[in-house]
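Only one structure is covered here, and it is reproduced in the block below.
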Amino acid sequence: MELDLLPLELPSDKKRPFVIAGPCSAETEEQVMKTAHQLADKGCHIFRAGIWKPRTKPGGFEGHGEPALKWLQRIKEETGMLTATEVAKPEHVELALKYGIDILWIGARTTVNPFAVQEIADSLKGVSDVPVLVKNPVSPDLELWIGALLRINKAGVKRLGAIHRGFTSIDQRIYRNTPMWHIPIELHRRYPNLPIVCDPSHMGGRRDLIAPLCQQAMDMGFEGLLVESHCSPDEAWSDASQQVLPDVLDFIIDRLVIRDNAEMTESLASLRKQIDEMDTALMDLLTKRMRVSREIAIYKKEHNMAVVQAVRYNEILDKRGAQGTLCGMNADFVRRVYEAIHEESVRQQMEIINK
Ligand code: PEP
Ligand code: MN
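When you line the sequence shown up against the working numbering, it's residues 14 to 368, in that order.
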């Protein structure tokens, strides 16, 4: 299904991504005003703050709601910055628009729920000029993410973007939410005109990961960044460990290397041609390997043998893993490749045996 899009047209400095920065939550009028002025002094154009906070467990600070919208209004008047906040219900949309919030986003815990997204979409009918950004769902489910984008788009919102904030994972190693970059890459492949914004704060969950994640997002051609910034990060009422000072954010943004990924040099074209040729050769070899595998299936059928022979399978995985290491590749990677090849090979053998 297609998306009917218009450019987001959010303000940014030339040759820079647009940056939406501000605290996780609007805690006090003083905290948001101070943070906003510091960000504005550093040239930031768009201010974010959570007014309604989706906390995983009860008991945490859940946002001030309507009174805090007045603080964002004041920020807009005093600094000229645009303002952005998360909406999770139709009444949030109504209030945010009433107080002149410029950009709305849908949080990761909302995107997982099509009922909630549809209610928000219905409340957005007729407000086509407000940009809406849709965070990825907490689960690594691209279809659910696309579904939410389609629902909002069908309501008439054309200034639409996606926010990649990483995915919940059982093995939390480095990141709070694993990036799984292949998911936004696939989203971009399907919808090349849909702007993607990276949220390194919720992805990394740690201050020291903000800079490398911002750089990775730029290297992937993302259009914008959504970064949590607080005038006094250690005292933040939510997400303290990932918020950075406005000064630090400015330092990070200033050092980003923006590569021109549209330009295709002649040498790059020739290298890509080589890759295409090798992929064709790989495909050719795989086809031949599958053919031999199907011949083995005929033999197994005639001799009443089981399709999967565990000893042989383990031997292949171990041997190829070791060969891969000798060739300078990660043994786990090579094992994964062979697991996938084996899966397809078993599928094809089963077809023959069950004929
Ligand atoms: C946020 O950006 O404040 C937020 C709650 O993020 P997420 O929906 O990505 O958890
Ligand atoms: Mn947060």
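Every residue gets a Cβ at the ideal spot worked out from N, C-alpha and C, and that includes glycine.
The model shown is predicted, which means the values in this text are computed figures rather than measured ones.
Do residue i and residue j have their C-beta atoms within less than 8 angstroms of each other?
i: glycine 237; j: leucine 52; result: no
i: valine 147; j: isoleucine 176; result: yes
i: alanine 109; j: leucine 82; result: yes
i: isoleucine 265; j: phenylalanine 235; result: no
i: arginine 61; j: glycine 35; result: yes
i: leucine 207; j: glycine 169; result: no
i: glutamine 362; j: valine 305; result: no
i: glutamate 199; j: leucine 157; result: no
i: phenylalanine 74; j: serine 251; result: yes
i: methionine 233; j: isoleucine 271; result: no
i: threonine 96; j: lysine 89; result: yes
i: cysteine 37; j: methionine 94; result: no
i: isoleucine 116; j: isoleucine 183; result: no
i: tyrosine 204; j: leucine 16; result: yes
i: cysteine 348; j: glycine 334; result: Per the sequence shown, the amino acid found at residue 348 is arginine instead of cysteine. Their beta carbons are under 8 angstroms apart, which means arginine 348 touches glycine 334 by this criterion.
For residue i, count neighbouring Cβ atoms within 10 angstroms of its own Cβ and tell me buried if that reaches 16, exposed if not.
i: serine 242; result: buried
i: proline 246; result: buried
i: tyrosine 312; result: exposed
i: methionine 291; result: exposed
i: glycine 72; result: exposed
i: serine 283; result: exposed
i: phenylalanine 31; result: buried
i: methionine 318; result: exposed
i: arginine 178; result: buried
i: glutamine 369; result: Any question about residue 369 goes unanswered here, given that the chain covers just 14 to 368.
i: isoleucine 33; result: buried
i: histidine 215; result: buried
i: alanine 323; result: exposed
i: leucine 298; result: exposed
i: leucine 226; result: buried
i: threonine 123; result: buried
Assuming residue i and residue j are in contact, meaning their beta carbons sit under 8 angstroms apart, how far apart are those beta carbons, in whole angstroms?
i: phenylalanine 180; j: valine 151; result: 7 angstroms
i: lysine 171; j: leucine 19; result: 4 angstroms
i: valine 106; j: isoleucine 133; result: 6 angstroms
i: isoleucine 196; j: asparagine 149; result: 7 angstroms
i: histidine 77; j: alanine 39; result: 6 angstroms
Does DSSP put residue i in a helix, a strand or coil?
i: glycine 237; result: strand
i: glutamate 99; result: strand
i: lysine 301; result: helix
i: threonine 191; result: strand
i: glycine 19; result: Correcting the residue identity first, residue 19 is leucine in this sequence and not glycine. Coil, per DSSP.
i: tryptophan 65; result: coil
i: histidine 177; result: strand
i: alanine 168; result: coil
i: alanine 53; result: helix
i: lysine 70; result: coil
i: valine 257; result: strand
i: isoleucine 271; result: coil
i: alanine 34; result: strand
i: isoleucine 196; result: helix
i: tryptophan 250; result: coil
i: lysine 148; result: strand
i: isoleucine 114; result: coil
i: cysteine 340; result: coil
i: valine 347; result: helix
i: valine 210; result: strand
i: serine 283; result: helix
Please name the residue, chosen from the options, that lies closest to residue i on a Cα-to-Cα basis.
i: methionine 303; options: Asp154, Asp252, Glu248 and Glu356; result: Glu356
i: glutamine 131; options: Lys111, Ile159 and Pro153; result: Ile159
i: arginine 87; options: Ala294, Lys66 and Met46; result: Met46
i: methionine 14; options: Pro103, Arg164 and Ser141; result: Arg164
i: glycine 6; options: Leu239, Arg203, Glu199 and Leu330; result: The structure shown does not extend to residue 6, since the chain is modelled only from 14 to 368, so the question has no answer here.
i: aspartate 212; options: Leu16, Thr96, Gln255 and Leu281; result: Gln255
i: glycine 120; options: Gly139, Val100 and Asp135; result: Val100
i: isoleucine 365; options: Asn327, Gln322, Ala310 and Ile288; result: Ala310
i: valine 350; options: Met94, Thr92, Ile329 and Lys368; result: Ile329
i: aspartate 54; options: Gln322, Thr92, Leu117 and Phe346; result: Thr92
i: phenylalanine 128; options: Ser141, Ala161 and Ala97; result: Ala161
i: valine 125; options: Ala323, Pro103 and Pro153; result: Pro153
i: methionine 193; options: Val347, Ala323 and Gln229; result: Gln229
i: arginine 219; options: His201, Tyr204, Cys244 and Asn190; result: Asn190
i: leucine 258; options: Cys244, Asp273 and Leu222; result: Cys244
i: glutamine 44; options: Tyr112, Ala249, Asp345 and Glu315; result: Ala249
i: alanine 224; options: Arg203, Arg268, Leu281 and Gly334; result: Arg268
i: lysine 301; options: Ile354, Gln287 and Lys286; result: Ile354
i: lysine 28; options: Thr41, Ala253 and Asp273; result: Asp273
i: glutamate 42; options: Glu79, Ile288 and Asp135; result: Glu79
i: tyrosine 112; options: Pro103, Arg307, Trp118 and Trp84; result: Trp84
Comparing the CB of residue i with every heavy atom of the ligand PLP, is any distance shorter than 7 angstroms?
i: cysteine 244; result: The ligand PLP is absent from the structure shown, which contains only the ligand PEP and the ligand MN.
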